[in-house]
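Those protein sequence lines, which keep their order, are chains A and B.
Be aware that the first sequence starts at 1, since it is given in the working numbering, and climbs by one per residue.
Be aware that the second sequence starts at 231, since it is given in the working numbering, and climbs by one per residue.
Every residue, glycine too, gets a C-beta built ideally from N, C-alpha and C.
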Amino acid sequence: MHGFDFEIIIRTAPYLFTVGLMFTLKLTVLSTIGAIILGTLLAIMRLSSNRAVSAVAGGYVNLMRALPLILIIFWFYFLVPYIVGWLTQAGRPIAVGGFTSALITFTLFEAAYFCEIVRAGIQSVPRGQLDAGYAIGLSFRQVMSYVVLPQAFRKMTPLLLTQVIVIFQDTSLVYVLSLTDFLGAANNVAQRDGRLVEMFVFAAVVYFLISYAASRSVKMLERRSNAAGA
Amino acid sequence: MNYNWNWMVFWEMAPDGVHTYMGTLIQGLYWTVGVSIVAWCIALLVGGIVGVFGTTGNAWVERFCAGYVELFRNVPLLVQMFLWYFVFPEVVPARLGEFIKTADPAWSTFWTAAVCLGLFTSSRIAVQIQAGIRALPAGQPMAATALGLTRPQVYRYVLLPLTVRMILPPMASEALNLIKNSSVAFTIGLLEITGAARSMQEFTFQIFESFAAATVLYVAINIVVVLLMRYLEKRLSVPGFIGQPR
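Here it is, written out as structure tokens:
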């Protein structure tokens, strides 16, 4: 090893952060929002007393959880253009951008994991809450959105946030589509300048610092909410 | 939609001129299973050591174990894979680096992936073991100490046998995660299931057949592991706890 070249990191930092990290954070935030909404719907479906509805949701969730994310990324990367072409009656596959494709993939994939978290959250709400809601004349929708889900979400906030950190780390896998997320940007520089050691170590340090800080904050939040609830 | 389905593609000859595409996928299955088994052994060994020493009560040792876990949990697996593959041979003594770089590429990627996946998984197993030991009633180690057992004996005969049997369900899901994570090894060139499907897709343009085959293989592995773990759980569950089959 011929000395660690810090200079290249300083020189390429603006590119790494404004292009790469921006892509990573945007993908993390947007797919988290999408996945929580879809995951909540899936959780309600899984807990439905209608056998067919819960079987469909259960099958989807189990299939997604059985497959590696990389394989899902490939599936949707090729499948989405066909679906869009079919939906728009174009008669041929319509190209969607790499970011859109990744966003759809992560939303659909992580929804399966959020579904399990939300399902556990809903199940932790005492059944009497549900019955009381119905007794005062609320509809299913009102019981869910005013009584059950607010309590469930408060209980599962730490788990949800931990899953967001997992998504943040998982987004690095868009590398297989050659997209320019943070790792992709670092890889571009590494390959161009032959500085693999510097770029990958730097990428690891940045991912570590962000994930570590985030997971410490989640732990602190958990401790504080435990104390408040006691 | 005009996609040309061709399920017979699996019996066509792959570019290596030896196997059909079906054959290359089966080879991929072997690599996935092989790398997962080796990584699982590494993970159990290292994770077990880190997990046990994380509960010994010595502040510095516990801090070291916690640091180990944080290190491997807060860096994405793909980045760790690149560190082991691209960076590790550069920073070790030159002769070892040279040895790694000149080794047969199929095996050097295999061992790199196995070590990377093994250590990544070991941090998760360490957490499970620590949580399992801490969840045991405090009376267990006290009673064992009162009987005159030494510290290692307390762990060997009392704490670990109970812990291992109680944390089987989370261990099963870690094993499944490991198998899924082994697909990341495809990025450094290991032709495991995902890699085999990807190269088949690139050569034949039969996108959906290739990935469907990989999907079937992963689902099949999942079913086997789940059944195996269910059998183990039934055999090993601790009597007297909820979830114990009657």
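Please report the straight-line C-alpha distance between residue i and residue j, rounded to a whole angstrom.
{"i": "residue 455 of chain B", "j": "residue 258 of chain B", "result": "18 angstroms"}
{"i": "residue 429 of chain B", "j": "residue 16 of chain A", "result": "30 angstroms"}
{"i": "residue 125 of chain A", "j": "residue 287 of chain B", "result": "37 angstroms"}
{"i": "residue 192 of chain A", "j": "residue 236 of chain B", "result": "39 angstroms"}
{"i": "residue 467 of chain B", "j": "residue 370 of chain B", "result": "18 angstroms"}
{"i": "residue 44 of chain A", "j": "residue 296 of chain B", "result": "37 angstroms"}
{"i": "residue 8 of chain A", "j": "residue 441 of chain B", "result": "39 angstroms"}
{"i": "residue 77 of chain A", "j": "residue 137 of chain A", "result": "46 angstroms"}
{"i": "residue 89 of chain A", "j": "residue 95 of chain A", "result": "14 angstroms"}
{"i": "residue 445 of chain B", "j": "residue 261 of chain B", "result": "16 angstroms"}
{"i": "residue 476 of chain B", "j": "residue 228 of chain A", "result": "Low confidence applies here, because residue 476 of chain B scores a pLDDT of 47, under 50, leaving its location unreliable; read the following figure in that light. Distance between the alpha carbons of residue 476 of chain B and residue 228 of chain A is about 41 angstroms."}
{"i": "residue 118 of chain A", "j": "residue 459 of chain B", "result": "26 angstroms"}
{"i": "residue 51 of chain A", "j": "residue 373 of chain B", "result": "50 angstroms"}
{"i": "residue 107 of chain A", "j": "residue 462 of chain B", "result": "35 angstroms"}
{"i": "residue 28 of chain A", "j": "residue 181 of chain A", "result": "11 angstroms"}
{"i": "residue 226 of chain A", "j": "residue 159 of chain A", "result": "14 angstroms"}
{"i": "residue 3 of chain A", "j": "residue 217 of chain A", "result": "35 angstroms"}
{"i": "residue 56 of chain A", "j": "residue 64 of chain A", "result": "12 angstroms"}
{"i": "residue 79 of chain A", "j": "residue 178 of chain A", "result": "17 angstroms"}
{"i": "residue 22 of chain A", "j": "residue 204 of chain A", "result": "16 angstroms"}
{"i": "residue 128 of chain A", "j": "residue 215 of chain A", "result": "34 angstroms"}
{"i": "residue 189 of chain A", "j": "residue 173 of chain A", "result": "17 angstroms"}
{"i": "residue 154 of chain A", "j": "residue 433 of chain B", "result": "50 angstroms"}
Could you check whether residue j and residue i sit closer than 8 angstroms to each other, using their CB atoms as the reference points?
{"i": "residue 408 of chain B", "j": "residue 389 of chain B", "result": "no"}
{"i": "residue 42 of chain A", "j": "residue 61 of chain A", "result": "yes"}
{"i": "residue 39 of chain A", "j": "residue 111 of chain A", "result": "yes"}
{"i": "residue 207 of chain A", "j": "residue 400 of chain B", "result": "no"}
{"i": "residue 161 of chain A", "j": "residue 109 of chain A", "result": "no"}
{"i": "residue 554 of chain B", "j": "residue 283 of chain B", "result": "Residue 554 of chain B lies beyond the stretch modelled for chain B, which goes from 231 to 476, so this question has no answer here."}
{"i": "residue 239 of chain B", "j": "residue 360 of chain B", "result": "no"}
{"i": "residue 212 of chain A", "j": "residue 163 of chain A", "result": "no"}
{"i": "residue 427 of chain B", "j": "residue 255 of chain B", "result": "yes"}
{"i": "residue 251 of chain B", "j": "residue 242 of chain B", "result": "yes"}
{"i": "residue 418 of chain B", "j": "residue 343 of chain B", "result": "yes"}
{"i": "residue 265 of chain B", "j": "residue 349 of chain B", "result": "no"}
{"i": "residue 423 of chain B", "j": "residue 393 of chain B", "result": "no"}
{"i": "residue 46 of chain A", "j": "residue 59 of chain A", "result": "no"}
{"i": "residue 351 of chain B", "j": "residue 404 of chain B", "result": "yes"}
Could you spell out where the alpha helix (DSSP H) holding residue i opens and where it closes?
{"i": "residue 281 of chain B", "result": "251–283"}
{"i": "residue 20 of chain A", "result": "Where residue 20 of chain A is concerned, there is no enclosing alpha helix (DSSP H), given that its DSSP letter is neither H nor E."}
{"i": "residue 293 of chain B", "result": "289–303"}
{"i": "residue 435 of chain B", "result": "Premise fails: residue 435 of chain B is in no alpha helix (DSSP H) and is neither H nor E."}
{"i": "residue 187 of chain A", "result": "182–193"}
{"i": "residue 3 of chain A", "result": "Segment: none, residue 3 of chain A is in no alpha helix (DSSP H) and carries neither H nor E."}
{"i": "residue 62 of chain A", "result": "51–66"}
{"i": "residue 330 of chain B", "result": "324–332"}
Report the CB separation of residue i from residue j in whole angstroms; it is logged as a contact under 8 angstroms.
{"i": "residue 175 of chain A", "j": "residue 406 of chain B", "result": "Contact doesn't hold; Cβ gap of about 23 angstroms is too wide."}
{"i": "residue 209 of chain A", "j": "residue 317 of chain B", "result": "Contact doesn't hold; Cβ gap of about 18 angstroms is too wide."}
{"i": "residue 449 of chain B", "j": "residue 66 of chain A", "result": "5 angstroms"}
### Task
Say whether the region 376–390 of chain B touches the region 329–345 of chain B, bearing in mind that this needs 3 or more beta-carbon pairs closer than 8 angstroms, one atom from each stretch.
no
### Query
Is it a yes or a no for the region 155–170 of chain A touching the region 25–42 of chain A, going by three-plus beta-carbon pairs under 8 angstroms?
yes
### Query
Does the region 137–146 of chain A come within contact of the region 90–102 of chain A, defined as at least 3 CB pairs closer than 8 angstroms?
no
### Query
So, do the region 198–213 of chain A and the region 306–315 of chain B have three or more beta carbon pairs nearer to each other than 8 angstroms?
yes
### Inter-stretch contact at 8 angstroms, needing at least 3 Cβ pairs: the region 266–281 of chain B / the region 351–358 of chain B
yes
### Sufficient close CB pairs (3 or more, under 8 angstroms) joining the region 322–331 of chain B to the region 407–425 of chain B
no
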